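K.L.:
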Amino acid sequence: MSHHSLPAACPIDFMGNNCWDGNITHTSKGQEVMSTAQYVSVHGGHSGQFCYHAKDTLEEIIQSYISHGFPWVGITEHVPGITMELLYPDQQKAGFTPASLLERFDRYMQECRRLKQKYADQIDIYAAMEIETYSGYDTFIPNLIERYRPDYIVGSIHFVNDMVFDYSRERYDLLAETVGGHDELYSRYFDMQYEMIELLRPEVVGHFDLIRIFDPYYKERLRKPEIEAKVIRNLELIKKYNLIMDFNIRSLLKGADEPYITAHILQMAKDLDIAVVPGDDSHGLDNIHINMDKAISILKEYGFATNWRKPRRIHYD
Ligand SMILES: [Zn+2]
Ligand SMILES: [Zn+2]
C-alpha cells in the first residue's frame with residue numbers, strides 16, 4: 001500500500017481523520033499493515049491564478065491534492081503589497097499595483113471558499129493567507145483578517161527593512177550590506193519574527209529560518225550565540241502560544257539539502273514539544289507531493305508525531 005492511499009474500508013471523515021488505531025491501519029480484508037503518515041500541508045497551494053510567481057489554477061491544484069490523497073490542506077495565498085515599492089520586482093514589471101493585487105486577493109478568497117464547498121466531501125480545505133511584515137502590516141493585516149475572515153494565517157517574513165530578501169541572491173546580499181552584514185540581517189529577521197508572532201499569533205509559523213536562503217554559511221551562523229539566543233527566544237514564544245511550525249520543503253526544490261527548519265533547530269523544536277507539520281509551499285501542480293516523503297521521514301526520525309495536528313480555525317463572532 002502506498003503511504004497516502006487509504007484502505008477502502010476506512011474512508012476519510014470530514015475532519016480528515018481516518019481510522020487510526022495506534023500504528024496499525026485495518027484494510028478491508030482485515031489484514032493489519034503498518035500505517036504511515038498522511039500527506040498534508042499547512043502552507044501552500046499558491047496558484048498562477050492568484051500569484052504571479054506560481055502556475056496553474058487553484059481548482060487544478062485542489063484536484064491534485066485530492067488525487068494525491070491529502071485529507072486536508074491549507075491554501076495560503078500571499079497577501080498583496082500595499083505600496084508600489086513593496087511589490088515584488090516581477091509584479092512591478094508585470095504592471096501590478098497595490099489596488100489590482102488587492103482586487104485579485106479578494107477574488108482569491110472568494111474562489112477558495114467556493115472550492116472548499118465544492119470539494120468538501122473529498123478534502124477539508126482551509127481558506128487561509130500568508131502574511132507579510134512590511135511597514136504598516138500591523139494595521140493592514142488585522143484589517144485584512146477582519147475583512148476576509150481567513151481560517152488561519154501563516155506568519156512569514158519575506159521582508160526586512162521593507163526589502164524582499166528571498167527574491168534573488170543579489171538582493172539578499174545587497175540587503176545584508178545595507179543593514180551591516182549577514183549576522184545583523186539574521187538578527188533583524190528573528191526580531192521581526194518575534195514581534196510578528198507576539199502581535200498576530202499566527203496559527204502557523206512559515207519557514208522559520210527562511211533568512212538562511214542564500215547564505216552558504218547558514219549552519220554556522222545560526223549557531224552563533226547572539227543569533228541562537230534569538231532563535232531559542234522565538235521557539236519559546238511559539239511554544240507559549242501553542243502554534244504550529246511549517247516544515248517547509250520548498251527549499252529542496254531550490255537546491256537546499258534540508259527543509260526549513262534546519263536540523264539542529266528542528267531538534268530544539270522537538271525538545272520543546274512544538275507541533276511541526278509539513279508544508280509544501282507549492283506554487284504549481286508539479287510541486288504537489290514532491291519531497292513529501294522526505295519531509296515525513298525526517299520528522300519521524302526526530303520523533304515527531306505524524307498524526308499531524310490540524311490548524312485551529314480563527315473564531316469569528
Ligand atoms: Zn510565493
Ligand atoms: Zn513564504
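At position 83 of the sequence shown the residue is numbered 83 (UniProt numbering), and the sequence of numbers has no breaks.
A virtual CB, placed ideally from N, CA and C, is assigned to each residue, including glycine.
Since this is a predicted model, take the numbers as computed values, not measurements.
Could you spell out the range, first to last residue, of the alpha helix (DSSP H) harbouring Phe105?
P.N.:
Within the sequence shown, the letter at position 105 stands for residue 105. Counting along the chain, the alpha helix (DSSP H) containing Phe105 begins and ends at 98-118.
K.L.:
Just verifying my parser: in three-state terms, what is the DSSP assignment at residue 339?
P.N.:
There is no way to answer for residue 339, as the model of the chain reaches only from 1 to 317.
K.L.:
What number of angstroms, rounded off, separates the C-alpha of Lys116 from the C-alpha of Tyr108?
P.N.:
What you label residue 116 is simply residue 116 of the sequence shown in a count that begins at 1. What you label residue 108 is simply residue 108 of the sequence shown in a count that begins at 1. Each residue's Cα considered, the two are about 12 Å apart.
K.L.:
Residue ranges of each alpha helix (DSSP H) run of no fewer than 4 residues wholly in the region 144-188, ordered along the chain?
P.N.:
The region 144-188 contains these whole alpha helix (DSSP H) runs: 169-179.
K.L.:
State the beta-bridge partners of Trp72 as determined by DSSP.
P.N.:
Mapped onto the sequence shown, residue 72 falls at position 72. Trp72 pairs with Asp124.
K.L.:
Give the secondary structure of Asn234 by DSSP, where H, G and I count as helix, E and B as strand, and everything else as coil.
P.N.:
Indexing the sequence shown from 1 puts residue 234 at position 234. Residue state, collapsed to three classes: helix.
K.L.:
Short of 7 Å in beta carbon distance, which residues of its chain neighbour Ala176, apart from the five on each side in sequence? Order them along the chain.
P.N.:
Taking the first residue of the sequence shown as 1, we reach residue 176 at position 176. Contacts found: His182, Leu185.
K.L.:
Do you know offhand how far Gly255's Cα is from His207's?
P.N.:
The residue given as residue 255 occupies position 255 in the sequence shown. The residue given as residue 207 occupies position 207 in the sequence shown. Rounded to the nearest angstrom, the two C-alpha atoms are 16 Å apart.
K.L.:
Using the C-alpha atoms, what's the distance from Ile157 back to Glu236?
P.N.:
Stepping through the sequence shown from its first residue, residue 236 is reached at position 236. Stepping through the sequence shown from its first residue, residue 157 is reached at position 157. So the two alpha carbons sit approximately 18 Å from each other.
K.L.:
Give a single yes or no on whether His207 has its beta carbon closer than 7 Å to a heavy atom of ligand 2.
P.N.:
Counting from one through the sequence shown, the residue named residue 207 turns up at place 207. His207 Cβ: within cutoff of ligand 2.
K.L.:
Pro281 by DSSP, collapsed to three states: which one?
P.N.:
Working through the sequence shown from its first residue, we reach residue 281 at position 281. In the sequence as presented, Pro is not what sits at residue 281; that position holds Asp. Coil, per DSSP.
K.L.:
I'd like the list of long-range same chain contacts for residue 318, defined as Cβ closer than 7 Å, with 5 residues on each side in sequence excluded.
P.N.:
Because the chain in this structure spans residues 1 to 317, residue 318 falls outside the shown range and cannot be described.
K.L.:
At the level of alpha carbons, what is the spacing between Ser282 and Thr57?
P.N.:
Taking the sequence shown and counting its residues from 1, the one referred to as residue 282 is at position 282. Taking the sequence shown and counting its residues from 1, the one referred to as residue 57 is at position 57. Roughly 12 Å between the two C-alpha positions.
K.L.:
Is Cys112 close to ligand 1? I mean its beta-carbon at under 7 Å from any heavy atom of the ligand.
P.N.:
Counted from its first residue, the sequence shown places residue 112 at position 112. No.
K.L.:
Pull up the distance between the alpha-carbon of Arg312 and that of Glu203, whole angstroms please.
P.N.:
Position 312 of the sequence shown, counted from the first residue, corresponds to residue 312. Position 203 of the sequence shown, counted from the first residue, corresponds to residue 203. Rounded to the nearest angstrom, the two C-alpha atoms are 7 Å apart.
K.L.:
Measuring CB to CB, does Cys51 end up less than 8 Å from Glu77?
P.N.:
The residue labelled residue 51 in the question sits at position 51 within the sequence shown. The residue labelled residue 77 in the question sits at position 77 within the sequence shown. Contact flag set, yes.
K.L.:
Tell me whether Asp281, by its Cβ, gets closer than 7 Å to a heavy atom of ligand 2.
P.N.:
Your numbering for residue 281 matches position 281 in the sequence shown. Yes, Cβ of Asp281 sits closer than 7 Å to a heavy atom of ligand 2.
K.L.:
Among Gln267, Leu101, Pro259, Leu299, which residue has its Cα nearest to the Cα of Ile232?
P.N.:
Position 232 of the sequence shown, counting from 1, holds the residue named residue 232. Minimum Cα distance to Ile232 is reached at Gln267.
K.L.:
In angstroms with no decimal places, state the Cα-to-Cα distance between Lys219 and Lys294.
P.N.:
Taking the first residue of the sequence shown as 1, we reach residue 219 at position 219. Taking the first residue of the sequence shown as 1, we reach residue 294 at position 294. The alpha-carbon atoms of Lys219 and Lys294 are separated by roughly 20 Å.
K.L.:
Name the one or two DSSP bridge partners that Phe247 has.
P.N.:
In the sequence shown, the residue the question calls residue 247 occupies position 247. BP columns for Phe247 point to Pro278.
K.L.:
CB of Ala54 to nearest heavy atom of ligand 4: below 7 Å?
P.N.:
Ligands displayed in this structure: ligand 1 and ligand 2; ligand 4 is not among them.
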